[in-house]
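What follows is a single structure, written as structure tokens, with notes after it.
2 protein chains.
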Amino acid sequence: MTKAGNILLFPCPITEGKMDSLSTESIDLLHQTTYFIVERAKTARHFIKATKHPIPIAQLHIHEITNQKQENESFLLAVHNGFDVGVISEAGCPGVADPGAEIVDWAHKNRIKVVPLVGPSSILMALMSSGMSGQNFAFNGYLSNKKPELVQQLKILETKVSKSDQTQIFMETPYRNDFIINACLEILRPETKLCIACDINGPDENIRQMKISEWKTASKNHYHKKPCIFIIG
Amino acid sequence: MTKAGNILLFPCPITEGKMDSLSTESIDLLHQTTYFIVERAKTARHFIKATKHPIPIAQLHIHEITNQKQENESFLLAVHNGFDVGVISEAGCPGVADPGAEIVDWAHKNRIKVVPLVGPSSILMALMSSGMSGQNFAFNGYLSNKKPELVQQLKILETKVSKSDQTQIFMETPYRNDFIINACLEILRPETKLCIACDINGPDENIRQMKISEWKTASKNHYHKKPCIFIIG
Chain A
3 MTKAGNILLF PCPITEGKMD SLSTESIDLL HQTTYFIVER AKTARHFIKA TKHPIPIAQL
63 HIHEITNQKQ ENESFLLAVH NGFDVGVISE AGCPGVADPG AEIVDWAHKN RIKVVPLVGP
123 SSILMALMSS GMSGQNFAFN GYLSNKKPEL VQQLKILETK VSKSDQTQIF METPYRNDFI
183 INACLEILRP ETKLCIACDI NGPDENIRQM KISEWKTASK NHYHKKPCIF IIG
Chain B
3 MTKAGNILLF PCPITEGKMD SLSTESIDLL HQTTYFIVER AKTARHFIKA TKHPIPIAQL
63 HIHEITNQKQ ENESFLLAVH NGFDVGVISE AGCPGVADPG AEIVDWAHKN RIKVVPLVGP
123 SSILMALMSS GMSGQNFAFN GYLSNKKPEL VQQLKILETK VSKSDQTQIF METPYRNDFI
183 INACLEILRP ETKLCIACDI NGPDENIRQM KISEWKTASK NHYHKKPCIF IIG
């Protein structure tokens, strides 16, 4: 019987082309892998090519994750046939605020070995840089884009910070940064700390943390349409 | 006036000597840095040496983070004098379940630029590998070592999973793995999923996720005295 392959979780850069943000172990293993299940085929091909994969891209097996569980699973048969299959998301770590978890869940159900590789995660890098507690934290994904619900959510997050000392992380689509920053300044208490981690690992990286009272008078022009992670603590 | 330096956050391997888990950007920047504020001087020296730092270790400025805020801040004056200062913890990412946040907080208060580098984090790698939701998760640090309190905590975490679909991560000191695994099997519902991510990025790496009902009959010998991250979802 063929020994089953592994599911390898390959992070990719969070800033396009920033190949030096990857671990050498991850690139070495990527170069030994010929099957990939990915969030988006086009960007995955682009990324794999940029790592200087020794095999021509056209000869690699690249499958885009679909909602059709069966299609994904039929591609994943390669694992049972002894091939390693790499999982790659659009940016950063597969499965963390990105697709990939369903593939890993399938692997566990089928007793396939799962191997995580090291690479960039904007959430983790924002947390490291926030100066807030990394002993107890929560990532909340995207908050609501409707003002009344957002107000409620921010109040709940602030209560979690003050009651449980749990750092609260969330994100927003870049074109709504102004909306969320204004809501934070309006809703949160003056003493609450807010960290805005903007364009992490990118050319315009800018990470600032201060109290809401200080943010009120600080310049906020920097954040328009740039990817940001928000942290309150 | 001298331009201030930066605070650079350097992750280090979570398995001793595993240098290929670091990003090349991080190593390049480390080699340009001569001031370091660290969790433990001995291991930091060992790590810096292993990266093949071009300057002899004895000529680097290495300060161990103390409870004496003033001592740390007097070392950090180097930043005002234009030097970059690197922050290094015992293993993984500074400030994430490790010291370092107070240094970053100081940097923000003093309007010093903070730059996070890419490297391994056992928490993030465990989450990626769990096959559970990475859209909404919390890291809870260490749970209680007293049975009645641990029981309460596990029940609360399980409720957060079922009510808010929030994946719950926690850790334990390796010699208490058996204690915590047994408590999980006793307290959690049969349908709850438990992931044990053991010796991540190490020679005995083993990551398994299954329902509590399945864990009851599975072998659990592997985990004795090895570093583990636990995730319920």
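Chains as they are written, first to last, in the numbering used here: chain A, 3 to 235; chain B, 3 to 235. Glycine is no exception: its CB is placed at the ideal position from the N, C-alpha and C atoms.
Short CB-CB distance (under 8 Å) between residue i and chain A
i, result
"S140(B)", "Correcting the residue identity first, residue 140(B) is Ala in this sequence and not Ser. A140(B) counts as touching chain A."
"P118(B)", "yes"
"D107(B)", "yes"
"G7(B)", "no"
"I132(B)", "The sequence given here places Ser at residue 132(B); Ile does not occur at that position. Answer yes: the Cβ-Cβ gap between S132(B) and chain A drops below 8 Å somewhere."
"M212(B)", "yes"
"A220(B)", "no"
"P229(B)", "no"
"P122(B)", "yes"
"I67(B)", "no"
"L32(B)", "no"
"L10(B)", "no"
Inter-residue Cα distance where the pair is residue i and residue j
i, j, result
"Q170(B)", "R210(B)", "16 Å"
"F77(A)", "G102(A)", "14 Å"
"V106(B)", "N69(A)", "42 Å"
"Q168(B)", "H226(A)", "30 Å"
"G84(A)", "G7(A)", "4 Å"
"V81(A)", "I214(A)", "51 Å"
"K222(B)", "P229(B)", "14 Å"
"L156(A)", "V98(A)", "22 Å"
"I198(A)", "D180(A)", "12 Å"
"N138(B)", "P58(B)", "45 Å"
"C95(B)", "F12(B)", "7 Å"
"V120(A)", "N147(B)", "31 Å"
"E174(B)", "K162(A)", "23 Å"
"E193(A)", "A140(A)", "20 Å"
"K149(A)", "K54(B)", "53 Å"
"P205(A)", "I16(A)", "11 Å"
"Y177(A)", "S135(B)", "25 Å"
"A93(A)", "C14(A)", "6 Å"
"L79(A)", "T219(A)", "57 Å"
"I29(A)", "Q72(B)", "43 Å"
"H65(B)", "L24(B)", "22 Å"
"T26(A)", "E27(B)", "11 Å"
"A109(A)", "H110(B)", "42 Å"
"N142(B)", "K5(A)", "37 Å"
Bridge-paired residues (DSSP) for residue i
i, result
"K195(A)", "K213(A)"
"A99(B)", "Bridge partners of A99(B): none, in fact."
"H63(B)", "Y37(B)"
"L10(A)", "G88(A), V117(A)"
"S25(A)", "S25(B)"
"F232(A)", "F172(A), I198(A)"
"N208(B)", "C200(B)"
is_contact[residue i, chain B] using C-beta, thresh 8 Å
i, result
"E82(A)", "A small fix is needed here, since residue 82(A) is His in this sequence, not Glu. Judged by the 8 Å Cβ criterion, H82(A) is not in contact with chain B."
"H224(A)", "no"
"M127(A)", "yes"
"S215(A)", "no"
"H110(A)", "yes"
"S135(A)", "yes"
"C95(A)", "yes"
"G143(A)", "yes"
"I90(A)", "no"
"V98(A)", "yes"
"I234(A)", "no"
"I114(A)", "no"
query: Which of the residues in the stretch 176-206 of chain A, read from start to end, lie with their CB under 9 Å from any CB of chain B?
result: Those would be K195, C197, A199, I202, N203, in chain order.
message: Any C-beta of chain A within less than 9 Å: which residues of the stretch 40-65 of chain B qualify?
response: Residues passing the 9 Å Cβ filter: none.
message: List, from N- to C-terminal side, the alpha helix (DSSP H) runs of 4 residues or more that fit wholly inside the stretch 139-193 of chain B.
response: With a minimum length of 4 residues, the continuous alpha helix (DSSP H) runs that stay inside the stretch 139-193 of chain B are 149-166, 179-189.
- prompt: Given a limit of 7 Å on CB to CB distance, which residues of the stretch 16-29 of chain A reach chain B?
  reply: So the close ones are D22, S23, L24, S25, T26, E27.
- request: Counting only runs of 4+ residues fully inside the stretch 76-128 of chain A, write out the alpha helix (DSSP H) ranges in chain order.
  value: Here the runs fully enclosed are 79-82, 103-111.
- prompt: Any residues in the stretch 154-174 of chain B with a beta carbon nearer than 8 Å to a beta carbon of chain A? Which ones, in chain order?
  reply: Result list: Q168.
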